[in-house]
Amino acid sequence: MRILLAKDAGYCFGVRDAVNMAYDTAKEYDEVFMLGDIVHNETVVRNLARSGTKVVADLKDVPKGKPVLFRAHGTVPELWEKARENNQGIVDATCPLVTEIHEEIKKLEGEGRRTIIIGDHGHDEVVAIAAQVSEPIIIANPEEAHTLRKMKKAGVVSQSTQMIENVQGIINILIRKVFDLRFINTICFPTRRNHEQIKELAVRSDTMIVIGSFTSANSKRLTQLALERNPRSYQVTSVEDLDPDWFKDSEIIGISAGASTPDNIISEIVEKIKIIGQITEKEEVYE
Ligand code: SF4
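Residue 8 is where the sequence shown starts when you use the working numbering, and the numbers rise one by one after that.
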């Protein structure tokens, strides 16, 4: 039995930087406040809470003099303004690739286009992208794209973690509905790499393991991509979820992880699978 670990499994640079910023700020100021969880991973959130990170529902719940951290997936302009008005110390952990999407959608609006965002309704990143322009249309899937009325001029961006297949499906429909359509592919490169790796790895592997929280849309998408190619694909959040039966008659075990899964959980799971499969070799990195 061999383990092939996807090279880009786990934290993307945007999430890694944001988590490190949260730890550093909590260390410096004893406490740091956030409007919602920094990543969709219960273990990370729990560990951060122990080091002084506090999650609040509203800016007014942040005590005077304490910093507020704006998370990797972006923050609506209204909150930026409020925090500045309150002279709140702001720690900006917005991923630069998310900031790029904000810039792109503003440019599309500046060109006189109706703006369209391909993304999950209600997801924080999508909410912050939408807040950059007036009256954007949010489309989550091709079924929603079919309901759109014809229009003259539109510009499209996507949420950074979208699957290319979903985006392509929607664009194919929009081409028939919009006379002058401009599409900027804003799926971020860590997402693209992670998706491409899992598509290949799931095919090569006898058993495919995806590590990530079920609250993480990103991890669920990886599992979906793996399952479409290999029915012996399983999503786990921790070592406790592993079932030894999954590895019976398996020669190659593929492993990947969502962008919000920390390194220590990946290592623990790799080690546990080695014990289950009596593997003495080091895992191989799959590029
Ligand atoms: S998923 Fe992409 S856009 Fe989002 S934080 Fe990570 S690198 Fe940045």
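Quick reminder that beta carbons are idealized off the backbone N, C-alpha and C, glycines included. Bear in mind the structure is a predicted one, so any value in this text is a computation, not a measurement.
> Any chance the CB of L181 is under 6 Å from a heavy atom of the ligand SF4?
Replying inline: no
> Relative to the alpha-carbon of K73, which residue among D256, R120, E38 and I145 has its alpha-carbon at the smallest distance?
Replying inline: E38
> Between A90 and F254, what straight-line distance do the alpha-carbon atoms span, to the nearest angstrom?
Replying inline: 51 Å
>> For the beta strand (DSSP E) containing V163, name the first residue and the last one.
In response: M158 to S165
>> Using only the alpha-carbon positions, how far apart do H109 and E235 sit?
In response: 32 Å
>> Using a Cβ-based criterion (distance less than 6 Å to any ligand heavy atom), does A137 qualify as near the ligand SF4?
In response: no
> Since I216 and I276 are thought to touch, with beta carbons under 8 Å apart, how far apart are those beta carbons, to the nearest angstrom?
Replying inline: 7 Å
> Among all the DSSP beta bridges, which residues are the ones paired with A100?
Replying inline: Paired residue(s): none; A100 is not in a bridge.
> Within this structure, are the beta carbons of D15 and N201 separated by less than 7 Å?
Replying inline: yes
>> Can you tell me whether T168 sits near the ligand SF4, meaning its C-beta is under 6 Å from at least one heavy atom of the ligand?
In response: yes
> Excluding five sequence neighbours on each side, which residues of the same chain lie with their C-beta closer than 7 Å to the C-beta of Q204?
Replying inline: A13, K14, D15, S263 and Y293
> Hey, is the region 37-57 in contact with the region 221-231, meaning 3+ C-beta pairs nearer than 8 Å?
Replying inline: yes
> Measuring CA to CA, which of S212, P197, Y241 and M8 is closest to P103?
Replying inline: P197
> Considering only residues of the same chain and omitting the five flanking positions on each side of A137, which have a CB-CB separation below 7 Å?
Replying inline: I124, P143 and I145
> Measuring from the CB of V105, is there a heavy atom of the ligand SF4 at a distance below 6 Å?
Replying inline: yes
> Would you call the region 84-99 and the region 52-61 in contact, with 3 or more CB pairs under 8 Å?
Replying inline: no
>> So the candidates are G81, I260, S267 and L232; which of them puts its Cα closest to the Cα of G284?
In response: I260
> What residue from V164, R121 and N54 has the CA that sits closest to S141's CA?
Replying inline: R121
> Roughly how many angstroms separate the alpha carbons of E172 and P70, rounded to a whole number?
Replying inline: 45 Å
>> How far does the beta strand (DSSP E) with R9 in it extend, from its first residue to its last?
In response: R9 to A13
> Among the residues of its own chain, which have a CB less than 6 Å from the CB of V51, if the five just before and after it don't count?
Replying inline: P269
>> Using only the alpha-carbon positions, how far apart do G117 and Q166 sit?
In response: 20 Å
> Are the beta-carbon atoms belonging to V174 and I112 less than 7 Å from one another?
Replying inline: no
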